[in-house]
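Some notes on the structure that comes next.
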Amino acid sequence: MTRWMRLLVWGCTITSIFAQPPQHSEECLKASKQCEENTDCIHRLAVLQSACVTNTCQPQCRESALNLYQNREGRQLLRTDASCVPGRYELEKCGLLPTRSPKHCSMAKLVCETDLQCNAKWEVFISECEGETNQGRCSEQCRQHLNATLSTANGADLKTCTCTDKEDQRCLQLKDITLRTCLEADKPKPTPPPFVETNRVTDVDNEIDSRRPANADPRDLPDSAAQMALSASLVLVMLLLAQA
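Those letters in the sequence shown? Residues -19 to -1, 1 to 225, by mature numbering (1 follows the signal peptide of the UniProt record, and there is no 0).
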């Protein structure tokens, strides 16, 4: 009996350990309570709770997170450590928590748009450069507008934002066209190797005589006039010897 009692106590202890609720921060609980007191926020939170349960970054989870962030109380809740937010593991995995990086591009854009400083710079970039980037071009002025956005605290994550494998065209358009066109234009171009012009012989006077060794000293070569005089002397000597 004693053995079975011990096993029962041990089993209850193990069960109680694994059944303990997760630790929630006071900041998150406070923000969650404020959300519950707001009819619009609690409705959006309920949608998120039912949508973010697959841990596979489904579009409905993304849309519910973006929808919750557009509510003031919901925004405050997602800006906490999210320890009490339902579906937080999927939100973190899919880049849908505003305090984590890298962010989903739609969340990074929304975070920027809800900040006055970032949104002001972003609006300038979009209004003046979106048409240009859609054509695959990015002028120096547009590059500067985007860099001004990226230099803000809430715009920096646009540079490294990502899309999941279950995307609509909005994220891909934002990441691969609107942003990448100007981000790639900002990359330093590789420096080409220095051009070295090879020496070419353009004057026949500079050509090397093929009959002369390349390292020969001209002073060591016999003069042609001297050779002719020597030959004539030898011929004269031979004639004199023949007559003698």
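All C-beta atoms in this analysis are idealised placements derived from N, C-alpha and C, irrespective of residue type, glycine included.
- Secondary structure within the stretch 124 to 162: the alpha helix (DSSP H) runs of 4 or more consecutive residues, fully enclosed, are 150 to 154 (chain order).
- Non-local beta-carbon contacts of Gln41 in its own chain, meaning distances under 7 angstroms to residues more than five positions away in sequence, involve Ala32 in chain order.
- The beta carbon of Pro83 is closer than 7 angstroms to those of Gly76, Asp138, Thr141, Cys142, Thr143 in its chain, skipping five residues each way along the sequence.
- In the three-state reduction of the DSSP assignment, His24 falls in the helix class, which pools H, G and I.
- Per DSSP, the continuous alpha helix (DSSP H) segment holding Pro40 begins and ends at 40 to 50.
- Around the beta carbon of Lys14, fewer than 16 other beta carbons sit within 10 angstroms, so the residue counts as exposed.
- In this structure, Arg53 is the residue among Cys119, Arg53, Arg81, Asn135 with its C-alpha nearest to the C-alpha of Arg25.
- Within 10 angstroms of the beta-carbon of Ala134 lie fewer than 16 other beta-carbons, which makes it exposed.
- Looking from the CA of Gln30, the closest CA among Glu8, Val105, Gly55, Lys11 belongs to Gly55.
- Counting C-beta pairs with one atom in each stretch, the stretch 107 to 118 and the stretch 158 to 165 have three or more that are closer than 8 angstroms, which means they touch.
- Non-local beta-carbon contacts of Phe106 in its own chain, meaning distances under 6 angstroms to residues more than five positions away in sequence, involve His126, Leu127, Thr130 in chain order.
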